[in-house]
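Engineer: If you scroll down you'll find the structure; I have some questions about it.
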Amino acid sequence: MTAEVVAVCISPGGVPKQPVEQAEVTTDGLVGDGHDHDKHCHPDRAVSIQDLELLDELKSEGYPVAEGIMGENLTVRGLNVQQMEVGDRLLFENGPTLELSLLRKPCFVLDKIYPKLEDFVVGRCGFLARVVDIGRLHPGQRITVQPKKS
């Protein structure tokens with residue numbers, strides 16, 4: 057299966073983030089995407105990425121999640137980002153290059169979606185990334201993985 061972008065999501069701050077047709081990516085993250093907490097305003101936390109397959113798993117367990125609901129900017133399919141490593145790069149077809157920087161930890165704001173959701177999604181929250189090359193993101197975009205250099 058080819059890895060691809062399923063949804064690109066932004067919000068003025070907080071969760072949920074709403075899907076958009078496309079978004080410009082700068083070194084600060086997606087244009088139009090805000091953050092409610094200063095800790096998220098850092099180049100190593102510019103873009104959050106979540107696997108659709110993990111969202112589907114959570115849905116099958118009864119949690120009301122969908123693209124953007126958990127606060128991710130990118131919902132991807134066929135990537136298995138949760139199993140990747142810090143330093144791996146994602147090259148988006150005719151778009152930006154992102155470098156995985158930090159496993160995403162669940163935040164208490166997820167409890168607004170479902171009581172104790174923060175506890176249930178440990179290890180299933182995706183990754184945060186820094187922007188290596190700017191560009192535009194949109195659903196359907198193919199993703200190539202460049203493993204980190206040893």
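The opening residue of the sequence shown carries number 57 in this note's numbering; numbering runs sequentially from there.
We treat Cβ as the ideally placed atom computed from N, Cα and C, and that holds for glycine.
(1) Going straight from the alpha carbon of G88 to that of N129, what length do you get?
(2) On the DSSP bridge assignment, give the partners of E155 in chain order.
(3) Could you say which of Q74, K205 and G151 lies nearest to T131 if we only look at CA atoms?
(4) Out of E109, Q78, R145 and V62, point me to the one whose CA is closest to D100's CA.
(5) Please classify E80 as buried or exposed, where buried requires at least 16 neighbouring CB atoms within 10 angstroms.
(6) Where do the ends of the beta strand (DSSP E) carrying L130 lie?
(7) Residues in its own chain within less than 6 angstroms of R184 by CB, not counting five upstream and five downstream?
(8) Just confirm the distance between the C-beta atoms of Q138 and D112, as a whole number of angstroms; I'd bet it's less than 8 angstroms.
(9) Of the residues T200, Q202, R192 and K204, which one's Cα is nearest the Cα of V33?
(10) What residue range does the beta strand (DSSP E) around E80 cover?
(11) Below 8 angstroms on the Cβ atoms is my contact criterion, and I expect T58 with R198 to pass it. Report the Cβ-Cβ distance as a whole number of Å.
(12) Would you check if the distance between the CB atom of G134 and the CB atom of K204 is smaller than 8 angstroms?
(13) Considering Cα atoms alone, identify which of P68, D189, Q202 and P72 is closest to M126.
Structural biologist: On the basis of the data shown:
(1) Counting from one through the sequence shown, the residue named residue 88 turns up at place 32. Counting from one through the sequence shown, the residue named residue 129 turns up at place 73. About 11 angstroms.
(2) Indexing the sequence shown from 1 puts residue 155 at position 99. Answer by DSSP bridge pairing, in chain order: R145 and R186.
(3) Locating residue 131 in the sequence shown gives position 75, counting from the first residue. Here the closest residue by C-alpha is Q74.
(4) If you number the sequence shown from 1, residue 100 lands on position 44. Checking every option, the nearest Cα to that of D100 belongs to R145.
(5) Reading the sequence shown from its first residue, position 24 is the one you call residue 80. Per the 10 Å Cβ criterion, exposed.
(6) Locating residue 130 in the sequence shown gives position 74, counting from the first residue. Segment L130 to R133, the beta strand (DSSP E) holding L130.
(7) Stepping through the sequence shown from its first residue, residue 184 is reached at position 128. In the sequence as displayed, the identity of residue 184 is Leu instead of Arg. Excluding residues within five positions, the ones whose Cβ falls inside 6 angstroms are R101, S104, S157, L158 and R160.
(8) In the sequence shown, counting from the first residue as 1, residue 138 sits at position 82. In the sequence shown, counting from the first residue as 1, residue 112 sits at position 56. In fact, because the Cβ distance is near 13 angstroms, the residues do not count as touching under 8 angstroms.
(9) Residue 33 cannot be examined here, being either before or after the span of the chain that is shown, 57 to 206.
(10) Translated into the one-based positions of the sequence shown, residue 80 becomes position 24. Its beta strand (DSSP E) spans residues A79 to T82.
(11) Locating residue 58 in the sequence shown gives position 2, counting from the first residue. Locating residue 198 in the sequence shown gives position 142, counting from the first residue. Yes, they are in contact, since the Cβ atoms of T58 and R198 sit about 6 angstroms apart, within 8 angstroms.
(12) Position 78 of the sequence shown holds residue 134. Position 148 of the sequence shown holds residue 204. No; because the gap between Cβ atoms is not below 8 angstroms, this pair is not in contact.
(13) Counting from one through the sequence shown, the residue named residue 126 turns up at place 70. Out of P68, D189, Q202 and P72, P72 has the C-alpha closest to the C-alpha of M126.
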